[in-house]
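What follows is a set of notes on a single structure, which appears directly below.
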Amino acid sequence: MKSLKTYAILYLIFLYAPIFLLPLFAFNSSTVIAFPLTSFTTEWFTTLLTLTEMHGALLNSLKIALTSAVLATILGIFAAMAATRYTFPGQKGIMGFIMLPLVLPEIIVAVSLLIVILRMGFNTGAWSVIAGHTLICTPFAIAILQSAFASLDPSLEEAAYDLGETPASTFRLVTLPLVMPGIISALLISFTISMDEFIIAFFLTGAEPTLPVYLFSMMRFPKLLPAVMALGTILVVLSVLLIVIAEFFRRRGAKRAGLKDTGGFL
Amino acid sequence: MTFGDKIRRFFRSEQGVGVMLVSPTALYALLLLAVPLVAIVVISFWTQTGVRDFDTTFTLANYKEALTDPLYRQLMLRSLMVSGLVTTITVVLAFPIAYFVSFGVKPEHKSLWIFLITIPFWTSYLIRVFLWKVILGYNGVLNSGLLAVGVIEEPMSFILYNVNAVVITLAHAYAPFAILPIFVALEKIDRSLLEASRDLGESRTMTFLRVTLPLAAPGVVAAVLIVFIPTIGDYVTPRLVGGPGGLMIANMIQTQFLRLNNAPLGATLAVLAMLIVAVIAIAFMLLGNKAAGGNKGGRRK
């Protein structure tokens, strides 16, 4: 196990190495992304403030990520409840199909949606990116919410029924507060996925780019590379922050249900 | 009992409520996933005539072109090869980690390890790939670093803009994907089985080979599929670090759709890629189940 542990630590370093390079070069004054580092600067972050086109892309991305996260979580609640609480004909097949975007290459989702949208005579735009992101975020939301619903004691809801609550008020007063940590976790994860997603946005965004699509276009200009590193640093820090908060809520939910923590979202 | 009564009774039953609850999500997936997937198959039999116009007479010309043109065949084979290589590397490298976390880490620390392993996966894929371009470049981090230390005399040029770079980058990106399913399978193993094997006189190595490994097979199969299927359709990595010699089928699909305005041929390539992946995936699943000893390979995630 000793040597396995060394291997595991080396592996973690390998996993994190690229991400740790980001801030090094984001704060490095040289315009060339190479060692040795020259001197400390925050110039590239101020450059970001001057890129007005980027601000539009950022707003666009925030709008898309927020809407997609809410939609995916709502769809996730329905499916997770159905999958954990009820049995119905074709359950395995239906759930399997809903979870399919988890493994399907994103380019397939992107081009097939593009074809249908153009064929129906619509124009692509923020709405089509939201449609695509909701589709790929829903399986993640379901995976998180399923464990939240599975850990819920059904006798609590039965007690509410016995005390005269309707199904709707039981859901609002008993079920919802108990699975709330799972819902918050699903919202945050979906938001992060949508915020970082590139391929579907690249195909379906139309005239207004999202932040990753804009970032991709920045990468072609060597002059802008330090700014790419600065923006990348901000995005990665934001993602990690959101994920840590999501994990915190997921664990709190598991603890509240008195479950042994198994770790990980999937 | 009238038909209406039957319907009403169904929707009040356990099953009916389940169906009703799942229907918004299922309907969404039907409209935005099933319908588009069918559309892409249908369009692959059409011909593009204008910017948004198609000749809708049934034709196999796209399939003929996709299967005979050496360029498409080369891209498809390269995608398969890269995917296969990436899958092998990630799964082989991931198994010891999953094993270590499952068997070598205290139970209360397991979730922290898994969390640490999955964090990079949640950060922007685009940025992670771009960083590999920066690391592997001619004037990149690796070359400049090694030059400064004096390990190499001149920059290595064989590590960027070719298939090697694509394989390294994808293997890095999909590492957490491979660890999780193997970890889950290992966690499910009843520890008393391992003790029984040791008590019956098997060595540590033999116990691993004859008990642990077969029981972990479903996890390994899941890991292989979860890495293999998405990597074959990867667009960003070949585009950013592959150079002309490292491009894959997804890049050609994008070119057909957005640059050459030949959606039917793009659709054909997408359908063929999906078919090939599906056949390989199914074959592998059957093989994996056999390796796990028939029906023992049951539940997988």
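Protein chains in written order, with the working numbering: chain A, 26 to 291; chain B, 1021 to 1321.
For glycine and all other residues, C-beta sits at the position ideal for the given N, C-alpha and C.
Keep in mind that this is a model prediction, so the values were computed, not measured.
- Here B:F1141 carries a helix assignment [DSSP, helix/strand/coil].
- It is roughly 10 Å from the alpha-carbon of B:F1228 to the alpha-carbon of B:R1218.
- When only Cα atoms are considered, A:T71 and A:F246 end up about 18 Å apart.
- Beta-carbon to beta-carbon, A:P114 and B:Q1035 are separated by about 7 Å, close enough to satisfy the 8 Å threshold.
- Within the same chain, and ignoring the five residues on either side of B:Y1119 in sequence, the residues whose Cβ sits closer than 7 Å to its Cβ are L1206.
- B:N1163 belongs to the set of residues whose beta carbon lies under 9 Å from a beta carbon in chain A.
- Residue contact check for B:F1135 against chain A: a CB pair falls below 9 Å.
- The C-alpha of B:E1128 is placed about 21 Å away from the C-alpha of B:F1115.
- By the Cβ-count criterion, B:P1090 is exposed, with fewer than 16 other Cβ atoms from all chains shown falling within 10 Å of its own Cβ.
- B:M1268 and B:L1260 have their C-alpha atoms some 12 Å from each other.
- Burial check for A:Y239: the Cβ neighbour count within 10 Å reaches 16 or more, so the residue is buried.
- Non-local beta-carbon contacts of A:T63 in its own chain, meaning distances under 8 Å to residues more than five positions away in sequence, involve N53, S54, S55 in chain order.
- Of all residues in the segment 170 to 198 of chain A, none comes within less than 8 Å of chain B when Cβ atoms are compared.
- Taking 8 Å as the Cβ-Cβ cut-off, the segment 1099 to 1118 of chain B approaches chain A at L1113, P1116, I1117, given in chain order.
- Counting along the chain, no alpha helix (DSSP H) covers B:A1054, and no H or E run does either.
- A:S93 is outside the set of residues whose beta carbon lies under 9 Å from a beta carbon in chain B.
- Around the beta carbon of A:G118, fewer than 16 other beta carbons lie within 10 angstroms, which makes this residue exposed.
- Annotated three-state conformation of B:D1075 is strand, per DSSP.
- In the three-state reduction of the DSSP assignment, B:N1271 falls in the helix class, which pools H, G and I.
- About 7 Å separates the beta carbon of A:V134 from that of A:L160, a gap short enough to meet the 8 Å contact definition.
- In this structure the segment 102 to 111 of chain A touches the segment 1031 to 1046 of chain B; the number of beta carbon pairs closer than 8 Å is three or more.
- According to DSSP, B:N1182 shares a beta bridge with no other residue.
- Contact between the segment 1060 to 1068 of chain B and the segment 1287 to 1302 of chain B is present: three or more C-beta pairs spanning the two stretches fall below 8 Å.
- Your pair A:P43 and B:L1151 checks out as a contact, with CB atoms roughly 4 Å apart and the cut at 8 Å.
- Pairing B:L1132 with A:G121, the inter-Cα distance amounts to about 29 Å.
- When the alpha-carbon of A:L46 is set against those of B:F1203, B:V1161, B:K1130, the nearest one is in B:V1161.
- In the pairwise beta carbon analysis, the segment 274 to 281 of chain A is classified as not touching the segment 83 to 91 of chain A: fewer than three pairs are separated by under 8 Å.
- Below the 8 Å Cβ cutoff, chain B contributes W1142, T1143, S1144 as neighbours of A:S264, in chain order.
- A:A232 sits exposed, since fewer than 16 C-beta atoms from the chains shown fall within 10 Å of its C-beta.
- Under the 8 Å Cβ criterion, the segment 1140 to 1158 of chain B counts as touching the segment 254 to 270 of chain A, having at least three qualifying pairs.
- Taking 9 Å as the cut-off, the beta carbon of A:I132 is found no closer than this to the beta carbon of B:I1246.
- Sequence-distant Cβ neighbours of A:I167 in its own chain, meaning closer than 6 Å and more than five residues away, are G101, A104, A105.
- Only those residues of the segment 113 to 125 of chain A whose C-beta falls short of 8 Å from the nearest C-beta of chain B are listed: F113, P114, Q116, I119, M120, F122, I123, L125.
- Here the C-alpha atom of B:L1080 lies approximately 20 Å from the C-alpha atom of B:R1072.
- With a threshold of 9 Å between beta carbons, B:V1037 makes contact with chain A.
- Unbroken alpha helix (DSSP H) runs of no fewer than 4 residues, entirely contained in the segment 147 to 204 of chain A, are found at 151 to 175, 179 to 187, 192 to 195, following chain order.
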